[in-house]
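Below you'll find the structure, written out as structure tokens, and then a few comments.
Residue numbers (my numbering), protein chains in the order written: chain A, 1 to 262; chain B, 1001 to 1436.
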């Protein structure tokens, strides 16, 4: 469905269902340069299991109009505007990469509105290499190539998708190529400049789960120690064989892990 | 810092889509000869049926062996996904019925494989889908034939039988300007010789029976989705951009983005029409693809040797290969097909039908049969076989003479192929009325 948020048309995938105030809600937040389609399997699953699912396209992404927001803080504030527009007082938040930082910031700002937190392919701080930032700023296709290749584990450079017939490298590359000029750079810069993650983590009060790819080269498991320590009682699932693009590389294991907190 | 390189074509041909078997460690992709797959519990089953998990239900819809092949061809072509079908014809049919229904129209090259021509010219009109055939060498003819109800532009990378080189960049521009996708049949070229998606095509169809499998042992087809066409903006494809009642009002562009076409084709066309590939066939095609580059290089080298030989023969009045002087697409071939124009071509013998028949009957290394793309060299005399119902005038309209011979050059030692052709030429000369 499309809703108006901050004067812009905002797309939320809801599995073609209306929001039911009697049901628990889950908001899925995609990563840099992506859109809601990365969550299709998971959002369909939790919709069937009695949840309102709201898989957003961030401003300027996918089917949402507007310009991309400049910071994780601004994106977190926007998520609450989405919740307000949908008249949802509380939701579980599931975020991938950039989306995980947004979800974390949301949980710190309004703990009473976040009933559970799942951070997928996450770390904090989340520094982005100059090579990626420079290429993204120049709208150079090399930025898509770097993120696509480093976004998958080494074994998945050759695919091996459990989702039949989909070449995961090609599909991810096409998603990046669909992003509007400049959007990826906005997202990457926001990740790079967000330094409040550990402080935000300390304010989390809801059940929180980190879902990590054992072979993630963009947000390696070893880099997540500070975040794991900062979140009170954080749960951690490390998925073997997966890189950073966990929704694609380990869709079933991710779904099973999400059930720990949702 | 430069981006790391993606794996090259040769590496993808061996590895894409495959991982060592998690249970046994088998390095080769096993043949999962199973109609169905067990569900660990009822909720897991429901989640597979509702596209919440990745996995297999029933081998008409998906199969682990087929999945490796599908991913491999998608990787080799640079697409987002693929579906393995019972034959190349099934792949063509699957694409068409996924994109359109009764009242729709296709613009197609007039130089098509006979089976494809039959489907478009005679069979699909019974179901309300009409086709206008145009000269493949004239991109403007494609533009002129587009109607309000046109939903697809279709041609072969190398047209049948004259090897017309399809100007994919020009025709893709025409298609996209009209909000239409371009589909190409790349059976005779394979991703070793041309990458249609990089040139602007949106959908690729293969008969994997031919060079992809490479050994003449299997029937199979592949449909590959490039993932670049914007179905929503076009507004002409409600099967992809509007709710589908056959799957709880799923909107394929909304849920699958770049992979909308290939997902709809699987969830509807493969499910309902059922022209799936047998897992053993997928295994055979995978074995063939592993050596695709090695074979195609040799196919082309042998073809160049044979065409050079034929050009020197007085009895041969025409050799139709796009790399040669006199072929109308020589310049375009050099641009789009720098590694060669495949290994299937035709040539004309003087002496007419009798010479053609005598030539074919005298060959012993070349096999006389109706196929192309085998590791073994193949020959056929169209006027007495595939086109035997046509008179000389009708044959001429199709670019075929009574003395036309079609060859599919295999991987044998070229000296043996040339010796065999010499045998045929001697017999043809005798039949034509004078030994040379």
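Glycine is no exception: its CB is placed at the ideal position from the N, C-alpha and C atoms.
9 Å Cβ cut-off: residues of chain B touching residue i
i             : result
residue 16/A  : 1243, 1248, 1249, 1250, 1251, 1254
residue 35/A  : 1257
residue 149/A : 1003, 1004, 1005, 1006
Helix, strand or coil at residue i according to DSSP, with G and I counted as helix
i              : result
residue 1341/B : coil
residue 235/A  : strand
residue 1234/B : helix
residue 1436/B : Because the pLDDT of residue 1436/B is 42, which lies under 50, any placement of that residue in the model is unreliable, and the question is left without a value.
residue 98/A   : helix
residue 1272/B : helix
residue 1323/B : coil
residue 1379/B : strand
residue 1167/B : coil
residue 1189/B : coil
residue 90/A   : coil
residue 1158/B : strand
residue 199/A  : helix
residue 1014/B : helix
residue 137/A  : helix
residue 1367/B : strand
residue 164/A  : coil
From the options, residue whose alpha carbon lies closest to that of residue i
i              : options                        : result
residue 52/A   : 145/A, 68/A, 92/A              : 92/A
residue 1243/B : 215/A, 17/A, 262/A             : 17/A
residue 83/A   : 10/A, 211/A, 243/A             : 10/A
residue 1099/B : 1235/B, 1303/B, 1277/B, 1329/B : 1235/B
residue 234/A  : 131/A, 122/A, 6/A              : 122/A
residue 175/A  : 1162/B, 1120/B, 1080/B         : 1080/B
residue 1146/B : 1180/B, 1261/B, 1165/B, 1376/B : 1180/B
residue 259/A  : 42/A, 33/A, 87/A               : 42/A
residue 1380/B : 1341/B, 1224/B, 1424/B, 1208/B : 1424/B
residue 1142/B : 1176/B, 1328/B, 1073/B         : 1176/B
residue 1148/B : 1403/B, 1178/B, 1167/B, 1355/B : 1178/B
residue 118/A  : 243/A, 237/A, 252/A, 57/A      : 237/A
residue 85/A   : 3/A, 261/A, 62/A, 178/A        : 3/A
residue 1028/B : 1130/B, 1048/B, 1282/B, 1259/B : 1282/B
residue 178/A  : 1132/B, 1384/B, 1253/B, 1082/B : 1253/B
Closer than 7 Å at the beta carbon, the chain A residues around residue i
i              : result
residue 1015/B : 158
residue 1233/B : In chain order: nothing, as chain A lies at least about 11 Å away.
residue 1266/B : 165
Listed by chain order, chain B residues near residue i by CB distance under 8 Å
i             : result
residue 194/A : Per Cβ cutoff of 8 Å: no residues; residue 194/A is ~22 Å from chain B at best.
residue 161/A : 1017, 1054, 1067, 1071
residue 274/A : Nothing about residue 274/A can be read from this structure; chain A reaches only from 1 to 262.
residue 45/A  : 1047, 1050, 1052, 1053
residue 48/A  : 1046, 1047, 1050, 1052
residue 224/A : Result: empty, since nearest Cβ-Cβ is about 23 Å, beyond 8 Å.
Pair within 8 Å by beta-carbon distance, residue i and residue j
i              : j              : result
residue 125/A  : residue 203/A  : no
residue 89/A   : residue 8/A    : no
residue 1108/B : residue 1155/B : yes
residue 1061/B : residue 1271/B : yes
residue 96/A   : residue 31/A   : yes
residue 128/A  : residue 191/A  : yes
residue 1360/B : residue 1405/B : yes
residue 1163/B : residue 1171/B : no
residue 1116/B : residue 1005/B : no
residue 1168/B : residue 1196/B : yes
residue 1018/B : residue 1292/B : no
Proximal chain B residues relative to residue i, where beta-carbon distance stays under 7 Å
i             : result
residue 219/A : Ordered by position in chain B, no residue passes the 7 Å Cβ test against residue 219/A, which lies about 18 Å from the chain.
residue 78/A  : Within chain B, no residue comes near residue 78/A; the closest Cβ sits about 21 Å away, beyond 7 Å.
residue 155/A : 1019
Within chain A, partners of residue i - CB distance below 8 Å
i              : result
residue 1056/B : 164
residue 1227/B : 170, 171, 174
residue 1315/B : Result: empty, since nearest Cβ-Cβ is about 49 Å, beyond 8 Å.
residue 1079/B : 167, 170
residue 1281/B : Within 8 Å Cβ-Cβ: nothing; residue 1281/B doesn't reach chain A, min ~15 Å.
Can you find at least 3 beta carbon pairs, one from the region 1281–1291 of chain B and one from the region 1252–1266 of chain B, that sit closer than 8 Å?
no
With 8 Å as the limit, tell me which residues of the region 1031–1057 of chain B have their beta carbon closer than that to any beta carbon of chain C; keep them in chain order.
No chain C appears in the structure shown, which is made up of the protein chains A and B.
Flag this pair as touching only if the region 1066–1076 of chain B and the region 163–171 of chain A have three or more C-beta atom pairs under 8 Å; answer yes or no.
yes
Taking contact to mean 3 or more Cβ pairs, one atom from each stretch, closer than 8 Å, check whether the region 39–59 of chain A and the region 18–27 of chain A are in contact.
yes
How do the region 241–257 of chain A and the region 148–159 of chain A stand: do at least 3 beta-carbon pairs fall below 8 Å, yes or no?
yes
Does the region 1214–1226 of chain B come within contact of the region 1244–1256 of chain B, defined as at least 3 CB pairs closer than 8 Å?
no
For the pair the region 1366–1380 of chain B and the region 1198–1217 of chain B, tell me if three or more CB-CB distances fall below 8 Å.
yes
Could you tell me whether the region 1309–1322 of chain B touches the region 1348–1355 of chain B, using the rule of 3 or more Cβ pairs below 8 Å?
yes
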